[in-house]
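A.B. asks: Dumping the structure here so I can ask a few things about it.
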Amino acid sequence: MDAILELDFDALIVGGGIAGLQAALDLADQDYQVAVVEKDTSIGGKMIRLSKVFPTLDCSSCITTPKMAAAAHHENITIFTYCDLKSLESEGLVLTASITQRPRYVNPDKCIGCRLCEYHCPVYVADKEEGGFSARKAAYIPFSNAIPQIALIDVENCMLCGKCAKVCPTQAVDYFQEPENFTIRAKTAVLATGFELTPVENKQQYGNGEIPNVITSLQMERLLAPHGPYNRVLRPSDGMEPDAVAFIQCAGSRDKSMGISYCSRVCCMYAIKQAMLLSGSLPLADITVYYMDIRAFGKGYEQFYQNAKAMGIEFVKGKVATIDAGANDSVTLRYEDQNGEGVTSANHDMVALSLGMIPGWNPEGTCPVSTAADRFIQTIRPKIAPTRTDMEGVFVAGAAAGPKDIVDTITEAGAAAMEAAKYMTAMETARKAVA
Amino acid sequence: MAIQGKEGKILILATETCAYPGADSVGQAHSSYPTNTYILRVRSPVMFPEQFYLDCFAKGISGIIIMSCGEECPYEGAYHALAKRVDRVYQLMKAQELDIRRLRLTAICTVCNRAFLKEVNQMNEVVGELGPP
Amino acid sequence: MTDKKTDKETIPAKGKVGVYICYCGGNISDHVEVEKVRESMEKIPGVEVARTDMFMCSDPGQEMIMQDLKSGTVDRVVVASCAPSLHETTFRSAISRAGANPYIYEHANIREQVSWVHHGDQATDKAIRLVAAATAKAEGLKPLEPIRMEARQHVTVIGGGIAGLRTAKDLADCGVAVALIEKSPFLGGQIAQLERLAPTGDPAADIVTELAGEVLGDPGITVHTCSLVETFNGYVGNFTLGVKKRPPDTDCEKLSSLNPSGRTPGEFIPFKGFYPESVAARAEELSIETGVVVLATGFKSYTPRRGEYGYAEFPEVITLPELIRIMAENKTTDNCLEINGRQVRSMAMIHCVGSRQIPGIHPEDESGNFNEYCSRTCCSATLDTAGTIRQSYPGTRIFELYRDIRTYGRGQEELYEQAAKNKVVFLRFEADESPEVIRSNDHDDFPLRVKVKDVLTFGEEVEVPVDLVVLATGMEPNNVSELVDMMKLPVGPDRFLLEVHPKLRPVELPVGGILLAGTCQAPMDVGEACSAAAAAAVKAAVLLGRGYVELDPFVAEVDLEKCRGTGACVEACLNEGALNLVEMEVDGEMVQRAQVTSALCWGCGACVAVCSENAIDINGWTLKQYEAMVDIIVADEATA
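What follows is the structure, encoded as structure tokens:
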């Protein structure tokens, strides 16, 4: 049996989303050796999947790709994608992470991202990266601005026809690739494990995600993206241009029926942004946002909200109680209208659920770091050192420590990098004092 | 199928932070556009004097699209200065009886595929209609 | 500053160009006849070799280029392949590994911008033209060196609130010397005005004492209280600040009780702050040489206009910070809260005072400003205070009048729930139907009444009799107009300092080496301000960590043989100070000539366009190079 590969770094970053990348860059720029371990096939996290971002309406790719490229090309950063963290423990002053890299069935050292395998693969699969609205192949590059641009084969759907192996100019396809285990040892770690959307399947009142033309907020992002699946906004059931679109706020936040009592902090703003983009691409559509409180608290956010109101987007105070399929693929909402109408119902052609955030990672059984009642990672000095966890040398950044928007995430990632750098400086000072 | 470029060449000055990666994004989507388009990567189009544009037309370029970053310009004040310069170029073009539709200032983001294609196709129509300068 | 210019003699001005064209495994060669491109390139005078490879980015492909460089066959390199964003750095580093200057490189994009968008003969023709144009540009390339400037391992933090303290301590912990400048005699800033911090309940005094204690105990940090920055010069890595330390001319009474006989330095004084040192008896001037400046100038609490919800007209109307202070200083165990000797049986707390103002609905202040922004912290602070009152003084009824409850942060929603559970009554109003605070009739038991149209009960007009009205006032940036003028700081429409980009460079300003920390940038709570402060600290550590600052060499350069000293470029320059006219001797005569300060030059080229003599250009991107490329594009035969 082969000995397990052991790699030494100064810092380990768990998660290659925007938080992890920013923390990695801020450490690598100080000449620390950094490993970034990402579970997905590409770095970039949720942010690279977004259309435009509030409140500046910059295209998200334009902000994310420079940081992705900077990290990928950085001489002090090594990126490991498609990896599972099996354990992260501290032994004395060393953190040890056991990692398994899942097989891509493509040798990453040989693949040059030419996409010939993708062009020749005969199998079409619904593309999750496009909200399931378009298809990809079973041999594919994850998405156009993925880093690394390395193909992988989706074995669930591959029919082993061998075409990809035949056309690959570098013989990179390897159907027999095995998972690879390795160990990373580091002095410090930053947990940047991000978030997932609250699962709509758990919300019976909203149809468990099965009502046609009720889509999630990330699906709406793809519909609105300048390089999205349809190149315009169409409702999925029949390709009709929707005339009436609704956004339902607090779908999976501030909702005890789903066990999520906290505010997810970003949904108000992203819904307002989506509503604005939508009114740009469908100028005649009626757009309604159903909400409890609009939480436009960040820099420039309130002004953004007021602009949306001025653009004619309708804001209705009221928590939507139920969602049902209506006639002609429409969607019927029932809600209590706080303007005196009592329980009211309304029909829309398409409805977007502004889903909240749940933790992207549960450390239980993997890492002894504590989580709080909200299941996000606990911070022990939330006021003066907001990125410290109860595990020595381990810091947290971004949505791993509770829902957060991109601005706050990036700032916090810088703060986590600062804590990690301080921790390593103190270690070094202590080591010198002993020596 | 190849899209035939109309008579006349189109010069595209594309900013390295926005429009140039935007053109790459069009390529990644494998969208087609006319071949008579020549994209030059620039840090900021503010560097080109009025005469540069006139010289281009004199040399035989039929249309120029300045694809800038717009308000997202990384150099504060450069977009404003550029817009003013383009206005002056328009005056000079009028004086030389050059149709001012041959020069266009626009903003293209890194994934603005549709906007890119629209601009290119529009300019192609214009140079097709006007012929060489 | 060591702005080294490479010896221009090392390689000839007109180069020996090597052109390397990639098949990209069919991605390019399926639509572009790569060998035909190569043949065309070989015909160009000045092209020494033209080669092709299946994958130029592969090790063998790179090796081929390196060999040609090492053997002296070529001294300029053009690679025609995919988008430069993918492999420009790859090829530049291959050139470096071959011992050549990486800036003798030009990239031709024939995949994303040719083979993926065009097909047939026309694709090949276009590829030939683009590669030929790149070759024309490459001939005009010269070796460049990054601009390297020595940087002082020293940071100056302006502002001794929580953000300033956090930044100072973080940097000192990384071994960077810090000067902390605070205008008042105290450390701790606005937090000292608080009793406890929502939602954690941390006592403000503990937080300030802990952090101020760490800062004062750190030998790497020099704290200057009662000090103001009066002059500012230099650029990143090399700033000089003139600082005036003077005896405080305000708060004299307070200070006389502290110094010299009263309090001892090293103590937290409630509602003042941490008192670190005896205040200066006489004015004193200091000069601080520093590498990076961090602005942590903080906020001030909004002061309601006279008559705004009855403020300053009725003594029973106070602000939330005033309430917090009164409560802290008069702790009682009664059933009812007591304010200024009067029992509070019923009180109203009005949200969004001085925040979320809407032009056309709210009046502007005397300078014509609106605070359109949300102040972010007041909802939680109000709910926390309401909860505390309801628990300690069950006899005091509370009405909260709000527009939206913004308990967004971790642990904040619980404050909202807690307040509701403690029977705080919530009334919701629309922005254009603000509550009214009016004096009650003489025979009324309560001095004031608050009238509001409550959205929660379908717009019912509600009148609440109260003993006290508390205004949840928002944040305004501290007035730092002197620093803004002196350091040319950008200010947003909200009057807070404006970062370069909220996501790309959230704690940086366009002026290199000047950073933002905390509420001078936007409203934040304590945790958020500390995060922002640490993020500023890490940026400062990155800037100074190597002992020098390295900048791209793509900056303007003046050709002194052509420069006539008209000053047009100086006027067009977008970053003040990057271009100046200086006196120099040319042919025994004193003349004025343009001079570039590379450290300040953005390389945008605004100067290039306005020089009638073509005497200024951007290194690596010259106007001549563009003209050469256009000539190729318009030529009848691209390679003629």
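These protein sequence lines are chains D, G and R, in that order. Residue numbers for the first sequence follow the working numbering, so the first one is 115 and each next one is one higher. Residue numbers for the second sequence follow the working numbering, so the first one is 380 and each next one is one higher. Residue numbers for the third sequence follow the working numbering, so the first one is 962 and each next one is one higher. Ideal Cβ positions, reconstructed from N, Cα and C, are used throughout, including at glycine. All of these numbers come straight from a predicted model, not from anything done at the bench.
If we count the other Cβ atoms within 10 Å of its Cβ and call it buried at 16 or more, is D:I386 buried or exposed?
C.D. replies: The residue is buried, with at least 16 neighbouring Cβ atoms inside 10 Å.
A.B. asks: R:L1158 and R:V1543 look like a contact to me (Cβ under 8 Å); what is the Cβ gap, rounded to whole Å?
C.D. replies: Not confirmed; about 54 Å, so no contact.
A.B. asks: Report the start-end ranges of each alpha helix (DSSP H) in the stretch 288-366 of chain D that is 4 residues or longer and not cut off at the edges.
C.D. replies: If we require 4 residues or more, the alpha helix (DSSP H) runs fully inside the stretch 288-366 of chain D come out as 331-338.
A.B. asks: Inspect the beta-carbon positions of G:I446 and G:I389 and report whether they are closer than 8 Å.
C.D. replies: It should be noted that the sequence gives Met, not Ile, for residue 446 of chain G. Going by C-beta atoms, G:M446 is not nearer than 8 Å to G:I389.
A.B. asks: Between G:Y432, G:R422, G:Y469, which lies nearest to G:F457 when the distance is taken from Cα to Cα?
C.D. replies: For the record, residue 457 of chain G in the displayed sequence is Ala; it is not Phe. Of the candidates G:Y432, G:R422, G:Y469, the one whose C-alpha sits nearest the C-alpha of G:A457 is G:R422.
A.B. asks: Can you name the residues of chain D whose CB is closer than 8 Å to the CB of R:A1493?
C.D. replies: In chain order: T525, A529.
A.B. asks: For D:Q285, name the three-state secondary structure that DSSP assigns.
C.D. replies: Coil at D:Q285, not helix or strand.
A.B. asks: Name the chain R residues whose beta carbon is nearer than 7 Å to that of D:E416?
C.D. replies: Ordered by position in chain R, the residues that pass the 7 Å Cβ test against D:E416 are R1317, E1333, Y1334, C1335.
A.B. asks: Is there a Cβ from chain D that is less than 8 Å from the Cβ of R:C1018?
C.D. replies: Chain D contact via Cβ: present.
A.B. asks: Taking R:R1109 as the reference, which of R:P1045, R:G1181, R:G1198 has the closest Cα?
C.D. replies: Ranking R:P1045, R:G1181, R:G1198 by Cα distance to R:R1109 puts R:G1198 first.
A.B. asks: Using a Cβ cut-off of 7 Å, pull out every chain R residue sitting near D:P500, in sequence order please.
C.D. replies: Neighbours of D:P500 on chain R, chain order: G1488, C1491, S1492.
A.B. asks: Taking all protein chains shown into account, decide if D:N327 is buried (16 or more other Cβ within 10 angstroms of its Cβ) or exposed.
C.D. replies: So D:N327 ends up on the buried side.
A.B. asks: Could you give the distance in angstroms between the alpha-carbon of D:V237 and the alpha-carbon of D:E270?
C.D. replies: Taking the straight line joining both Cα atoms gives about 11 Å.
A.B. asks: Kindly indicate the opening and closing residues of the beta strand (DSSP E) around D:E450.
C.D. replies: Run containing D:E450: 445-451, per the beta strand (DSSP E) assignment.
A.B. asks: So is R:P1471 in contact with chain D if we call contact Cβ pairs under 8 Å?
C.D. replies: Answer no: the Cβ-Cβ gap between R:P1471 and chain D never drops below 8 Å.
A.B. asks: Of the residues R:N1330, R:T1128, R:G1252, which one's Cα is nearest the Cα of D:K536?
C.D. replies: It is R:T1128.
A.B. asks: Between D:I323 and the rest of its own chain, which residues show a CB-CB distance below 7 Å, the 5 nearest in sequence each way excluded?
C.D. replies: For clarity, residue 323 of chain D is Gly in the given sequence; the question names Ile instead. Correct list, in chain order: V314, E315.
A.B. asks: With H, G and I counted as helix, E and B as strand and the rest as coil, what does DSSP make of G:V506?
C.D. replies: It is helical.
A.B. asks: R:P1208 and R:R1640 - do their beta-carbons sit closer together than 8 Å?
C.D. replies: This structure gives no information on residue 1640 of chain R, because the portion of chain R shown stretches from 962 to 1601.
A.B. asks: Quick check: what's the CA-CA separation for R:L1030 versus G:A402?
C.D. replies: Their Cα atoms are separated by approximately 31 Å.
A.B. asks: What does the Cβ neighbour count give for D:A253, buried or exposed, with the cut at 16 atoms within 10 Å?
C.D. replies: Per the 10 Å Cβ criterion, buried.
A.B. asks: Closer than 8 Å is the cut-off here; do at least three beta carbon pairs connect the stretch 471-481 of chain G with the stretch 407-416 of chain G?
C.D. replies: With the cut-off at 8 Å, the stretch 471-481 of chain G and the stretch 407-416 of chain G do not touch.
A.B. asks: Going along the chain, which residues of its own chain have a beta-carbon closer than 7 Å to the beta-carbon of R:R1449, five neighbours each way excluded?
C.D. replies: For the sequence presented, residue 1449 of chain R should be read as Lys rather than Arg. Excluding sequence neighbours, R:K1449 sits near V1472, E1537.
A.B. asks: Less than 8 Å between the C-beta atoms of D:F296 and D:L126, yes or no?
C.D. replies: Result no, Cβ atoms of D:F296 and D:L126 do not sit closer than 8 Å.
A.B. asks: For R:N1383, write down the residues that DSSP places opposite it in a beta bridge.
C.D. replies: Per DSSP, none; premise fails for R:N1383.
A.B. asks: Using 8 Å as the threshold, is the C-beta distance between R:I1279 and R:L1362 below it?
C.D. replies: No.
A.B. asks: Quick one, which of R:G979, R:E1522, R:E1394 has its alpha-carbon nearest R:V1413's?
C.D. replies: Taking only the C-alpha atoms, the option nearest R:V1413 is R:E1394.
A.B. asks: Could you compute how far the alpha carbon of G:P512 sits from the alpha carbon of G:Y399?
C.D. replies: Cα to Cα, the separation comes out at about 26 Å.
A.B. asks: Of all Cβ atoms in chain D, is any one closer than 8 Å to the Cβ of G:A408?
C.D. replies: Yes, contact with chain D.
A.B. asks: Does D:I255 come within less than 8 Å of chain R when only Cβ atoms are used?
C.D. replies: Judged by the 8 Å Cβ criterion, D:I255 is not in contact with chain R.
A.B. asks: Just the C-alpha distance for R:I982 and D:T284, rounded to the nearest angstrom, thanks.
C.D. replies: Those two C-alpha atoms are separated by around 18 Å.
A.B. asks: Leaving out five residues before and five after D:K565 in sequence, what residues of the same chain have Cβ atoms less than 6 Å from its Cβ?
C.D. replies: Shown here, chain D extends from 115 to 549; a query on residue 565 of chain D therefore has no answer.
A.B. asks: In terms of residues, what are the limits of the alpha helix (DSSP H) holding R:K1585?
C.D. replies: Per DSSP, R:K1585 belongs to the alpha helix (DSSP H) from 1584-1595.
A.B. asks: Kindly say whether D:P283, judged by its beta-carbon, lies nearer than 8 Å to any beta-carbon of chain R.
C.D. replies: Yes - at least one Cβ of chain R is within 8 Å of the one on D:P283.
A.B. asks: So, helix, strand or coil for R:G1101, using DSSP?
C.D. replies: In this structure, R:G1101 counts as coil in the three-state DSSP scheme.
A.B. asks: Give the single residue among D:G373, D:E526, D:T214 whose Cα lies nearest to the Cα of R:V1468.
C.D. replies: Nearest option by C-alpha distance: D:E526.
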